[in-house]
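Enquirer:
In the working numbering, the protein residues as written are 2 to 143.
#1: List, from N- to C-terminal side, the beta strand (DSSP E) runs of 3 residues or more that fit wholly inside the region 70-125.
#2: What residues are listed by DSSP as bridge partners for residue 134?
#3: Which of the three DSSP states, helix, strand or coil, is assigned to residue 40?
#4: Would you mind sorting residue 95 into buried or exposed? The rule is 16 or more other CB atoms within 10 Å of its CB.
#5: Determine the DSSP secondary structure at residue 56, reduced to helix, strand or coil.
#6: Can you give the Cα-Cα distance for residue 26 and residue 16, rounded to whole angstroms?
#7: Quick check: the region 97-104 against the region 64-84, are at least 3 beta-carbon pairs closer than 8 Å?
#8: When you compare only the Cα positions, how much space is there between residue 129 and residue 121?
#9: From what residue to what residue does the alpha helix (DSSP H) around residue 24 run?
#10: Excluding the 5 residues preceding and the 5 following residue 82 in the sequence, name in chain order all residues of the same chain whose CB lies nearer than 6 Å to its CB.
#11: Please check the pair residue 41 and residue 63, which I expect to be a contact at CB under 8 Å, by giving their CB distance rounded to whole angstroms.
#12: Start and end of the alpha helix (DSSP H) containing residue 5?
#13: Mind checking residue 31: buried by the 16 CB within 10 Å criterion, or exposed?
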């Protein structure tokens with residue numbers, strides 16, 4: 002895990018007024034170490050193993066990180082939410098099963114990047130980004 006990335010994430014958090022805590026650091030490290038989105042329960046368990054931090058604190062941190070654009074919330078609203086880091090230069094789109102709620106990354110080039118660049122040029126928007134999720138029934142549920 003690149004120490005520089007953690008430092009940059011902490012700096013982004015602090016720039017928005019979020020205090021640097023062991024729970025915050027461990028949460029960011031856990032998200033960075035896992036290539037897949039993780040649920041609140043998985044993240045709370047991971048943070049709880051290294052720090053006496055409860056699930057409510059992890060939830061509040063995730064809500065704040067999502068609000069300030071450090072994490073992205075994925076999933077169906079009536080099911081468990083999954084969280085993943087939003088890192089500059091790293092983009093990932095997802096397939097979400099409407100039956101079991103499983104989430105997997107799409108292993109194909111994003112078809113929207115060209116459109117995003119065109120919109121940025123035509124509108125003058127800065128820091129333009131998109132989030133793409135496809136919903137359907139996975140092969141295991143079909």
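Backbone N, C-alpha and C fix where the C-beta goes; we use that ideal spot for every residue, glycine too.
Expert: Taking the structure as given:
#1: 72-75, 83-86, 95-98, 104-106
#2: 95
#3: strand
#4: buried
#5: helix
#6: 15 Å
#7: yes
#8: 7 Å
#9: 23-34
#10: 74, 76
#11: 7 Å
#12: 4-16
#13: buried
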